[in-house]
Amino acid sequence: MPTRQAKSSWWMVAVQFILGGVGGFGVIAAIDALPGELTLPLLAGVLAVVLLMLWLQVLVHEVGHALAGLLAGRRFIAAGVGPLRLERGDGAWNLRWGGGVKGIGGFAATFPPGPERRRSAALFVLGGPMANLASAAVAGGVLVFADVSQPLAVAALGSTALAGLLLGVVNLVPLQSHGWHSDGQNLRELLRDSPAWRVMQGQQLALAAAMAGIRPRDWPVASAGVPEGLPPQLRAPALSLAVSVALDRGEIDAARQAARALAGIWPGLPDGQRQAIAVVVATYAARAGDAELLAAWRPHCEGGLLDLSPYRLWLDAEAAAMAGNGGQARRLVGEARAALPRVHDRSSVVVLGEYLDALEGRVAR
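If you want the working numbering, it's the 1-based position in the sequence shown plus 219.
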């Protein structure tokens, strides 16, 4: 299987180099400006505060996106900062340790409940950078105009101002890192009303339908097809929709074609997206009864942005049943049922529940 992966653009590499240089210079300057004698405990405290403020700015960025999305009428699905995830399942909220994803420090996933005006979409995109810049302005103002002399407070305010400014500005630049687009790149596509943006909007409408409990065969993009010339990051969700629709209609040949196309572009997808796409291909393999294909794709389903554990449990149950291990399959079916409230949309709860019912019927002896 190919192993090529999406890379950062040379612009992003240059920006990361500049950020490292500016950040390092800022830390040195902040330490040099601290009042009083510098001691080892004080230095350690300052560095810890600086690192904490940097991560807090990532959190501020994602909270800004989430709040802007809510103001624009979107519904929150999930958010992550580093390895931490907060997700809205169909039955409960979940806080979990999800691991890191190359190319992004955090994310906020929301979706519009229906057709969305570009102005509302732009509000969501700008929410993150504007939150960074606003917090940087506040921290910088307090540092300049207030009488702050405590060393750790100076370090906290200074690092907040610097990190907020850098994150806010850099995210507004049209860039790509390991296949993930910056807010500036997304805003550029939105303002140009590009074909890629229109396809993304169509995919969001399908997600809204899934959240409302509408089955894949009835999604609004069911007959739209997969446009040619899309970048892999957008072509993959379109093909995933095609697999889901075809499987729900019982059109196994159409599902096979879309799954093969997915497998062809999978190696070039960004980390975080590849795991979700692997689940789609493995789902086709399970429904087609192809044990060899399922075994090949199941290892690639680990990780991802969102919690994929209910699907992995079902896939493992299918693999156990194919191997003739009915006892293990029955146990895994029970674990998958218990995990259903972690699934993010009602449609998948219904469809996955049917898959579990069918499997349970085959191994109930």
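Heads up, the beta-carbon is just placed ideally off N, CA and C, and yes, glycines get one too.
Proximal residues to residue 435 (C-beta, below 6 Å), its chain only, five neighbours per side dropped: For this step, residue 435 is matched to residue 216 along the sequence shown. Excluding positions up to five away in sequence, the list reads 463, 464 and 467.
Environment of residue 525 [buried if 16+ CB atoms lie within 10 Å]: The sequence position of residue 525 within the sequence shown is 306, counting from 1. Buried: at least 16 other Cβ atoms inside 10 Å.
8 Å CB neighbourhood of residue 330 in its chain, flanking five on each side removed: What you label residue 330 is simply residue 111 of the sequence shown in a count that begins at 1. Answer for residue 330: 293, 294, 296, 423, 426, 427 and 430, listed in chain order.
Residue nearest to residue 470 in terms of C-alpha spacing, selected from 449, 503 and 498: Indexing the sequence shown from 1 puts residue 470 at position 251. It is 503 whose Cα lies nearest to the Cα of residue 470.
Touching by the beta-carbon criterion (3+ pairs, under 8 Å), the segment 317-334 and the segment 384-402: yes
Residue 317 versus residue 304 - alpha carbon distance: For the purposes of this step, residue 317 is taken as the residue at position 98 of the sequence shown. For the purposes of this step, residue 304 is taken as the residue at position 85 of the sequence shown. Rounded to the nearest angstrom, the two C-alpha atoms are 6 Å apart.
Minimum length 4: unbroken alpha helix (DSSP H) runs contained in the segment 466-503: 471-484
Per DSSP, the bridge partner or partners of residue 329: If you number the sequence shown from 1, residue 329 lands on position 110. Beta-bridge pairing links residue 329 to 295.
Beta-carbon separation (whole angstroms), residue 391 vs residue 332, contact threshold 8 Å: The residue labelled residue 391 in the question sits at position 172 within the sequence shown. The residue labelled residue 332 in the question sits at position 113 within the sequence shown. Rounded, the Cβ-Cβ distance is 27 Å, inconsistent with contact.
Below-9 Å beta-carbon distance, residue 425 vs any chain B residue: Among the chains of the structure shown, chain B does not appear; only one protein chain is present.
Residue 369 - DSSP class collapsed to helix/strand/coil: Taking the first residue of the sequence shown as position 1, residue 369 is located at position 150. Here DSSP, grouped into helix, strand and coil, assigns residue 369 to coil.
Burial state of residue 438 (16 or more Cβ within 10 Å): Here the question's residue 438 lines up with position 219 in the sequence shown. Residue 438 is buried by the Cβ-count criterion.
6 Å CB neighbourhood of residue 403 in its chain, flanking five on each side removed: Locating residue 403 in the sequence shown gives position 184, counting from the first residue. Taken in chain order, the residues that qualify are 391, 392 and 393.
Residue 336 (DSSP reduced to helix, strand or coil): Translated into the one-based positions of the sequence shown, residue 336 becomes position 117. Of the three classes helix, strand and coil, the one that applies to residue 336 here is coil, per DSSP.
Unbroken alpha helix (DSSP H) run spanning residue 571, endpoints: What you label residue 571 is simply residue 352 of the sequence shown in a count that begins at 1. That run of the alpha helix (DSSP H) goes 565-582.
DSSP three-state assignment for residue 378, whether helix, strand or coil: Translated into positions along the sequence shown, residue 378 becomes position 159. Residue state, collapsed to three classes: helix.
Beta-bridge partners of residue 276, as assigned by DSSP: Start at 1 with the first residue of the sequence shown, and residue 276 comes out as number 57. None; residue 276 has no bridge partner.
8 Å contact criterion, which residue 308 and residue 562 should meet: CB distance rounded: In the sequence shown, counting from the first residue as 1, residue 308 sits at position 89. In the sequence shown, counting from the first residue as 1, residue 562 sits at position 343. Contact holds; Cβ gap of about 6 Å.
DSSP-derived helix/strand/coil call for residue 300: Indexing the sequence shown from 1 puts residue 300 at position 81. The answer is strand: DSSP assigns residue 300 an E or B state.
Extent of the continuous alpha helix (DSSP H) to which residue 513 belongs: In the sequence shown, the residue the question calls residue 513 occupies position 294. From DSSP, the alpha helix (DSSP H) with residue 513 extends over 510-516.
Helix, strand or coil at residue 307 according to DSSP, with G and I counted as helix: Against the sequence shown, residue 307 aligns to sequence position 88. Here DSSP, grouped into helix, strand and coil, assigns residue 307 to strand.
Between the CA atoms of residue 475 and residue 441 - distance to the nearest angstrom: As a working note, residue 441 is residue 222 in the sequence shown. As a working note, residue 475 is residue 256 in the sequence shown. Below a pLDDT of 50, predicted positions are generally treated as unreliable, and residue 441, at 47, falls in that range; the measurement from the model is reported next regardless. Rounded to the nearest angstrom, the two C-alpha atoms are 16 Å apart.
Three or more C-beta pairs below 8 Å linking the segment 557-573 and the segment 525-540: yes
Straight-line Cα distance separating residue 286 from residue 300: For this step, residue 300 is matched to residue 81 along the sequence shown. For this step, residue 286 is matched to residue 67 along the sequence shown. If you take the alpha carbons of residue 300 and residue 286, they lie about 15 Å apart.
Unbroken beta strand (DSSP E) run spanning residue 314, endpoints: To locate residue 314, count along the sequence shown from 1; it is residue 95. Unbroken beta strand (DSSP E) run through residue 314: 312-316.
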